[in-house]
Amino acid sequence: MIKVILFDIDGTLIDSAEANWRSCNTLNKKYNGRQLTFDEYKNSFYAIGMRPMLKMCSPNLTEKELDQACEYGVSIYPQFHKFIKVNKNAIKLLEKLHGKYRLGIVTSRIGTKILDELGEFGIRDFFEHIITFNDYTKPKPDPEPMLVALKMFHVNPSEAVYVGDNQKDVDCCKASGVKSIIFGDAAKGDWNIADFMEILRILS
0 MIKVILFDID GTLIDSAEAN WRSCNTLNKK YNGRQLTFDE YKNSFYAIGM RPMLKMCSPN
60 LTEKELDQAC EYGVSIYPQF HKFIKVNKNA IKLLEKLHGK YRLGIVTSRI GTKILDELGE
120 FGIRDFFEHI ITFNDYTKPK PDPEPMLVAL KMFHVNPSEA VYVGDNQKDV DCCKASGVKS
180 IIFGDAAKGD WNIADFMEIL RILS
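The sequence shown begins at 0 in numbering that gives the first Met the number 0 and counts up by one.
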C-alpha cells in the first residue's frame, strides 16, 4: 500500500530548464567562455546537474575551484527565478493528494534556497519532508537520496513511489526498491505519464 509520494523538482514539479540554462551559461562565461544553445543544454546537460556540467565544460578546474564555482552558481540562481514556472496540473495534483498521502521531495538541488522557491510557488506546505543535496553525500542515480527519504518517513520501499523525469531518477528508484513514475518520455519508469492527473489513476 502506497503511503508516501516523493517528487523530483526540476523537470517534474517545475519547469526550470530556461532558468538553469541561463544560469549555466553565466557560470560558463565566468569559468570557461563556452555558451550553450538551449537545445544543447537540454539534450546534454539538463539532467546531470551543475557540478558535472562544470566538470565537462571546465575540465581544468580543481575540486576546490569546482566547489567555489558551485557556490557562485547557487548565489546567482535567484536572479533567474522569473524564468521558472510550475508545470501544468502540478498544483491541482498536490491539492488532490494532500491529506490522503504523505508527500515529500527528493532533489539534487544544493542549499536551502529551494524552500524559498517552493514558497514563492505556493507549494511548500504540501510537503512533510524536503530532502536536498545537503542531506546526503551520493546523488542520484545512487540510492542514498531515496534511502534517506524512506528513513525520514519511516516507511519501506514498497510503501513509497517517486515521481521524476529522467534516467537517474529511474536508476535511483530501482536501486532503492521504490517504484518510479516518470513525467515525459526521457526514460522508462514503472509508469510514464504525460499529465500529472494520470497519477491519480495509477494510485487508485
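Don't be surprised by glycine CBs; every beta carbon is placed ideally from N, CA and C.
The model shown is predicted, which means the values in this text are computed figures rather than measured ones.
Asked                                                                                                                                                         : Found
Enumerate, from N- to C-terminal direction, the unbroken alpha helix (DSSP H) stretches of 4 or more residues contained entirely within the region 47 to 105. : 49 to 56, 62 to 75 and 89 to 96
Do the region 180 to 196 and the region 62 to 81 meet, that is, are 3 or more Cβ pairs less than 8 Å apart?                                                   : no
Looking at the structure shown, is Gly-163 part of a helix, part of a strand, or coil, going by DSSP?                                                         : strand
Just mark Met-0 as buried or exposed, buried being the case when its beta carbon has 16 or more other beta carbons within 10 Å.                               : exposed
Since Ile-111 and Ile-8 are thought to touch, with beta carbons under 8 Å apart, how far apart are those beta carbons, to the nearest angstrom?               : The sequence shown places Thr at residue 111, rather than the Ile named in the question. No, Thr-111 and Ile-8 are not in contact; Cβ-Cβ is about 14 Å, not under 8 Å.
Quick one: give me the first and last residue of the alpha helix (DSSP H) that Val-154 is part of.                                                            : From DSSP, Val-154 is part of no alpha helix (DSSP H); its letter is neither H nor E.
Please list the terminal residues of the continuous beta strand (DSSP E) segment that includes Ile-180.                                                       : 178 to 182
Which value, in whole angstroms, describes the spacing of the CA atoms of Leu-56 and Asn-31?                                                                  : Per the sequence shown, residue 56 should be read as Cys rather than Leu. For Cys-56 and Asn-31, the distance between alpha carbons rounds to 7 Å.
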